[in-house]
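Residue numbers 152 to 457, in the working numbering, belong to the letters of the sequence shown in order.
C-beta atoms are modelled at their ideal positions from N, C-alpha and C, and glycine is treated no differently.
Here the structure is a predicted model, which means the values were calculated and not measured.
Below is one structure; the comments refer to it alone.
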Amino acid sequence: MKKVLIATVKPFAPAAISQMKNLLEQAGYEMLLLEKYEQPEMLLEAVKDADALIVRSDQITKTILDQAPNLKIVVRAGAGYDNIDLDAATKNEVVVMNTPGQNANAVAELVLGMMVLMARNQYNGKPGTELKGKTLGIHAYGNVGKNVARIAKGFDMNVVAYDPYVSSEIVERDNIKDYENIEDMYRNAQYISLHIPATPQTIKSINYDLLKKMPENAVLINTARKEIIDEDGLIQLMTERPDFKYISDIQPDKKEIFESQFGNRIFFTPKKMGAQTAEANINAGVAAVKQIVNFFENNDTTYKLN
Ligand code: 3PG
């Protein structure tokens, strides 16, 4: 009987776990559950017998992969897979997949929710501003970016986008202005929402020079990865520009400096919350299980990343 280990520091909603368990049982597989583990050693122990592994932002290192002789597949129930050592997985002949799009609406709703929070001065009683009529620049028009655009249009925002990997036809089909030049978009958007992955090319790419192009009362929203921000550059800019605000679903490394210097011009969720809805957990968790069953039963490698 194949063993599928679900190892998540940040647990799935109970409804997701019960649907995942049912699907695994129907396929004749056994579900192993390791939630809220505090030490990576606990994962090292749990992964020993696993044929398949489902994770979220959990770090899957070479050490962990080397401890799992039966492991054939790791599915990251979510979009970003910078937490998985793809080279080590490839060397160990372990297939890695993600579940793109499954948690996109949840992240997008959080983006708009946090934008309202900031526009209303974090509900401190003072008059705020409205989103209607303001320009929102979407940096990367993938699954999350598209959902952010869809919801922002409901707020009557002027939505624009920049994504060198997505053709203008696709962006413009959604009635969104597509910028070919990143600086032009930053210059013209009061709000910028980031949806780029953390890669060697993007790490620290959201820097002082780019952000300083943003117009007055700029708001930067980051529900992507903390690594893409040049934190020193952002701190310098926010020191020079008292109008500049930063919202993030990922706590920065220099959180104490942001908190001590910028008061209510910043907002950070206490834990990454973008994908943390019952619906997103069900979508991503069920997709992960289906992909694993399809991989073993039908050799289906859709969404393979390595
Ligand atoms: C993702 O990459 O899918 C999101 O960042 C969600 O991550 P999480 O599963 O750790 O909440």
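With a threshold of 8 Å, are at least 3 pairs of Cβ atoms found where one atom belongs to the stretch 375-387 and the other to the stretch 343-356? By the Cβ criterion, the stretch 375-387 is in contact with the stretch 343-356, since at least three pairs of Cβ atoms, one from each stretch, lie closer than 8 Å.
Can the beta-carbon of Gln210 be found less than 8 Å from the beta-carbon of Pro191? It is a contact, given that the beta carbons lie within the stated cut-off.
Please report how far the alpha carbon of Gly284 lies from the alpha carbon of Asn415, in whole angstroms. Using only the alpha carbons, I get a separation of about 23 Å.
Alpha carbons only, please: which of Asp451, Met424, Thr452 is nearest the one belonging to Asn256? Minimum Cα distance to Asn256 is reached at Met424.
Buried or exposed (CB count within 10 angstroms, at least 16 for buried), Gly296: So Gly296 ends up on the buried side.
Leu388 versus Phe413, Gly279, Thr374, residue with shortest Cα-Cα distance: That would be Phe413, whose Cα lies nearest to the Cα of Leu388.
So, at 6 Å on beta carbons, what are the nonlocal neighbours of Leu263 in its own chain, with the 5 sequence-adjacent residues on each side left out? These residues qualify, in order along the chain: Ile302.
For the stretch 297-365, which segments carrying the beta strand (DSSP E) assignment without a break, of at least 3 residues, lie completely within its bounds, in sequence order? As far as the stretch 297-365 is concerned, its whole beta strand (DSSP E) runs of at least 3 residues are 309-313, 328-330, 342-345.
Tell whether a beta-carbon distance below 8 Å holds between Val155 and Tyr180. In contact: Val155 and Tyr180 (Cβ atoms closer than 8 Å).
Backbone CA spacing between Ala431 and Val226 [nearest angstrom]: Cα to Cα, Ala431 sits roughly 15 Å from Val226.
What's the call for Arg376, buried or exposed, on a 16-neighbour Cβ count within 10 Å? So Arg376 counts as buried.
Could you check where the beta strand (DSSP E) with Thr286 kicks off and where it finishes? Start and end: 286-290.
Tell me whether Pro251 is buried or exposed, calling it buried when 16 or more other Cβ atoms sit within 10 Å of its Cβ. Classification for Pro251: buried.
According to DSSP, is Arg376 helix, strand or coil? Coil at Arg376, not helix or strand.
Which partner residues of Arg227 appear in the DSSP bridge assignment? Bridge partners of Arg227: Val206, Asn249.
Could you tell me whether any non-hydrogen atom of the ligand 3PG is closer than 7 Å to the CB of Arg301? Arg301 has its Cβ no nearer than 7 Å to any heavy atom of the ligand 3PG.
When you measure from the CB of Gly231 to every non-hydrogen atom of the ligand 3PG, does any distance come out below 7 Å? In this structure, the C-beta of Gly231 approaches the ligand 3PG to less than 7 Å from one of its heavy atoms.
Touching or not, the stretch 267-275 and the stretch 445-456, by the rule of three or more beta carbon pairs under 8 Å? The answer is no - the stretch 445-456 does not touch the stretch 267-275, with fewer than three Cβ pairs under 8 Å.
Does DSSP classify Ala158 as helix, strand or coil? If DSSP states are grouped into helix, strand and coil, Ala158 belongs with the strands.
How would you call Gln177, buried or exposed, if buried means at least 16 neighbouring beta carbons within 10 angstroms? Around the Cβ of Gln177, a 10 Å sphere holds fewer than 16 other Cβ atoms; the residue is exposed.
Is the beta carbon of Thr374 sitting closer than 8 Å to the one on Val258? Less than 8 Å divides the Cβ of Thr374 from the Cβ of Val258.
Suppose you measure from the CA of His290 to the CA of Met152; what does that come to, to the nearest Å? Answer to the nearest angstrom: the Cα atoms are 45 Å apart.
With H, G and I counted as helix, E and B as strand and the rest as coil, what does DSSP make of Lys199? Three-state result, Lys199: helix.
Where do the N-terminal and C-terminal ends of the alpha helix (DSSP H) with Phe446 fall, by residue? Where Phe446 is concerned, the enclosing alpha helix (DSSP H) stretches over 429-449.
For Lys405, tell me which candidate among Phe395, Asp394, Ile417 has the shortest Cα-Cα distance. Considering only Phe395, Asp394, Ile417, the residue with the shortest C-alpha distance to Lys405 is Ile417.
List the whole-angstrom C-beta distance separating Gly288 from Tyr359, where the pair is believed to meet the contact cut-off of C-beta under 8 Å. Not quite, the Cβ-Cβ distance comes to about 17 Å (not below 8 Å), so this is no contact.
How close, in whole Å, do the beta carbons of Thr214 and Glu186 come, if the pair is a contact with beta carbons under 8 Å? Taking a contact as a CB-CB distance under 8 Å, the pair Thr214 and Glu186 does not count as one, their CB atoms being some 21 Å apart.
Sequence-distant residues of its chain with Cβ nearer than 8 Å to Val311 (five each side left out): By the criterion of a C-beta distance shorter than 8 Å, Val311 is surrounded in its chain by Thr286, Leu287, Gly288, Ile289, Ile327, Lys328, Asp329, Tyr330, Met336, Asn339, Ala340, once the five residues flanking it on both sides are discounted.
Among Asp233, Ile433, Val198, which has the Cα closest to the Cα of Ile224? Nearest option by C-alpha distance: Val198.
With distances taken Cα to Cα, identify the nearest neighbour of Met308 among Ser344, Ile333, Val317. Here the closest residue by C-alpha is Ser344.
Taking 7 Å as the cut-off, does the CB of Gly425 come closer than this to any heavy atom belonging to the ligand 3PG? True, at least one ligand heavy atom lies under 7 Å from that Cβ.
Measure the C-alpha to C-alpha separation of Val370 and Ala429 and round it to an integer number of angstroms. For the pair Val370 and Ala429, the Cα-to-Cα distance works out to about 28 Å.
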